[in-house]
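Just so you know, we're using our numbering here: the sequence shown kicks off at 3 and counts up by one.
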Amino acid sequence: MNSSENKNSSFDRNNDLRAFEGPRNRITELGFAWSVFTQFIKGFRKLHFEGPCVSIFGSARFKEDNAYYQQGFQMGARVAAAGFNVVTGGGPGIMEAASRGAKSVGGHTIGINIELPFEQKPNPYLDVWVNIRYFFVRKVLLFKYSVGFVIMPGGLGTLDELFEAYTLVQCNKIPQYPIVLFGTEYWHNMVEQLKFMEAKHAISHEDHDLYLITDNPEEAMNFLLARIHQHAPKYNSYRRKWWLGEK
């Protein structure tokens with residue numbers, strides 16, 4: 003990255019930080035609202051013609067020789083073979099593995115990449131991708147076009163996506179789409195925490211029915227397909243309009 007790119011990244015980062023430092027003058031807040039709106043429109047225009055997707059979340063840090071990467075590859079291939087587009091955060095690691103697995107069986111891959119100061123780049127196995135500035139806009143796009151979620155091993159970002167999905171389903175803000183926690187050893191303590199929360203009456207016993215924890219790709223796919231068939235509405239498709247610049 004050259005010095006001008008560093009300068010631009012630093013400027014954008016500072017602007018993003020200031021946006022969450024409380025109220026500012028009305029013109030500045032209007033500019034922030036407009037920036038958010040344009041990010042949503044950018045995503046909507048890019049993804050409007052993509053078919054039903056399954057989101058696969060996971061860490062960007064796992065390399066090709068890692069077992070989690072290989073599992074991500076398998077899940078990407080199986081989801082694509084079942085006829086779904088594979089959507090990820092667009093970056094390296096498990097995101098790359100899932101996209102790569104989908105492409106290995108002729109599937110269609112989508113990346114919703116986040117703009118970061120260190121320039122996370124879209125992985126080379128994407129058919130369609132869009133770069134998004136704000137994490138919260140990115141999450142809306144990841145969930146808007148998906149009918150199921152596979153949570154592979156990951157870090158804080160993956161936890162954020164897991165609990166976003168879990169909360170939306172639990173609160174009936176989206177249909178009861180399936181949530182798969184892939185990796186029983188990796189997610190064991192997380193599930194134990196959920197059971198502890200139930201014991202303290204912070205969540206209900208039925209909330210455990212909203213997810214599956216497994217190491218078995220076939221079991222994961224059976225859970226995904228059954229819940230999608232049960233809860234997903236008919237997916238609408240639209241023709242491109244040349245006069246709107248849609249190619």
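Ideal Cβ placement from N, Cα and C applies to all residues, glycine included. Note that the structure is a prediction, hence the values are computed from the model and not measured.
If you compare alpha carbons, which of the options is closest to residue i?
{"i": "Arg102", "options": "Gly78, Ala83, Ile114", "result": "Gly78"}
{"i": "Gly157", "options": "Met97, Arg80, Gln172, Lys44", "result": "Met97"}
{"i": "Phe184", "options": "Thr216, Leu164, Gln195", "result": "Thr216"}
{"i": "His55", "options": "Lys123, Thr30, Leu144", "result": "Residue identity check: residue 55 is Cys in the sequence provided, not His. Looking at the Cα atoms, Leu144 is the closest of the given residues."}
{"i": "Leu164", "options": "Glu194, Ser57, Arg135", "result": "Ser57"}
{"i": "His231", "options": "Trp36, Val149, Leu118, Ser37", "result": "Val149"}
Closer than 8 Å by C-beta to residue i: which residues in its own chain qualify, once you throw out the five before and the five after it? Chain order, please.
{"i": "Gly53", "result": "Phe86, Asn87, His110, Tyr237, Ser239"}
{"i": "Lys249", "result": "Arg242"}
{"i": "His207", "result": "Glu200"}
{"i": "Leu196", "result": "Ile205, Asp209, His210"}
{"i": "Pro235", "result": "Pro177"}
{"i": "Thr169", "result": "Lys175"}
Taking only three categories from DSSP, how would you classify residue i?
{"i": "Leu214", "result": "strand"}
{"i": "Ile1", "result": "The chain is shown from 3 up to 249; residue 1 falls before or after that span and cannot be answered."}
{"i": "Ile153", "result": "strand"}
{"i": "Met3", "result": "Any answer about Met3 is weak, because its pLDDT of 36 lies below 50 and its placement is not dependable; what the coordinates show is given next. Three-state result, Met3: coil."}
{"i": "Ile134", "result": "strand"}
{"i": "Ser37", "result": "helix"}
{"i": "Phe2", "result": "Shown here, the chain extends from 3 to 249; a query on residue 2 therefore has no answer."}
{"i": "Phe184", "result": "strand"}
{"i": "Ile43", "result": "helix"}
{"i": "Ile58", "result": "strand"}
How long is the line joining the alpha carbons of residue i and residue j, rounded to whole angstroms?
{"i": "Met223", "j": "Arg80", "result": "7 Å"}
{"i": "Phe42", "j": "Tyr213", "result": "29 Å"}
{"i": "Arg140", "j": "Val89", "result": "12 Å"}
{"i": "Phe34", "j": "Lys44", "result": "15 Å"}
{"i": "Pro155", "j": "Gly60", "result": "5 Å"}
{"i": "Phe51", "j": "Ala84", "result": "19 Å"}
{"i": "Val152", "j": "Val142", "result": "16 Å"}
{"i": "Lys108", "j": "Trp245", "result": "Reading off the sequence, residue 108 comes out as Gly, not Lys. Near 31 Å, if we compare the C-alpha coordinates of Trp245 and Gly108."}
{"i": "Lys202", "j": "Ser106", "result": "45 Å"}
{"i": "Ala69", "j": "Ile112", "result": "23 Å"}
{"i": "Leu19", "j": "Glu220", "result": "43 Å"}
{"i": "Gly92", "j": "Phe39", "result": "21 Å"}
{"i": "His190", "j": "Pro25", "result": "41 Å"}
{"i": "Glu66", "j": "Leu227", "result": "28 Å"}
{"i": "Gly74", "j": "Thr30", "result": "42 Å"}
{"i": "Tyr147", "j": "Thr186", "result": "27 Å"}
{"i": "Arg28", "j": "Gly159", "result": "32 Å"}
Answer with yes or no whether the minimum CB distance from residue i to chain B is below 8 Å.
{"i": "Gly93", "result": "In summary, chain B is missing from the structure at hand, where a single protein chain is found."}
Report all residues from its chain with a CB closer than 7 Å to the CB of residue i; omit the five preceding and five following residues, and keep chain order.
{"i": "Phe137", "result": "Ile116"}
{"i": "Pro94", "result": "Ala62, Asn125"}
{"i": "His233", "result": "Pro177, Gln178, Tyr179"}
{"i": "Ile181", "result": "Phe151, Ile153, Ala167, Tyr168, Val171, Leu212, Tyr213"}
{"i": "Tyr127", "result": "Glu98, Ser101, Arg102, Lys105, Thr111"}
Keeping to the same chain, check which residues put their C-beta closer than 6 Å to that of residue i; ignore five residues upstream and five downstream.
{"i": "Lys48", "result": "Val132"}
{"i": "Tyr71", "result": "Phe64, Ala99"}
{"i": "Ala104", "result": "Gly78, Ala82, Val88, Thr111"}
Any heavy atom of the ligand ATP closer than 7 Å to the beta-carbon of residue i?
{"i": "Pro94", "result": "In the structure shown, the ligand ATP is absent, as is every other ligand, since no ligand is present at all."}
Discussion item. I'd like the ranges of any alpha helix (DSSP H) spanning at least 4 consecutive residues and lying wholly in the stretch 60-127.
Written reply: 69-83, 96-106
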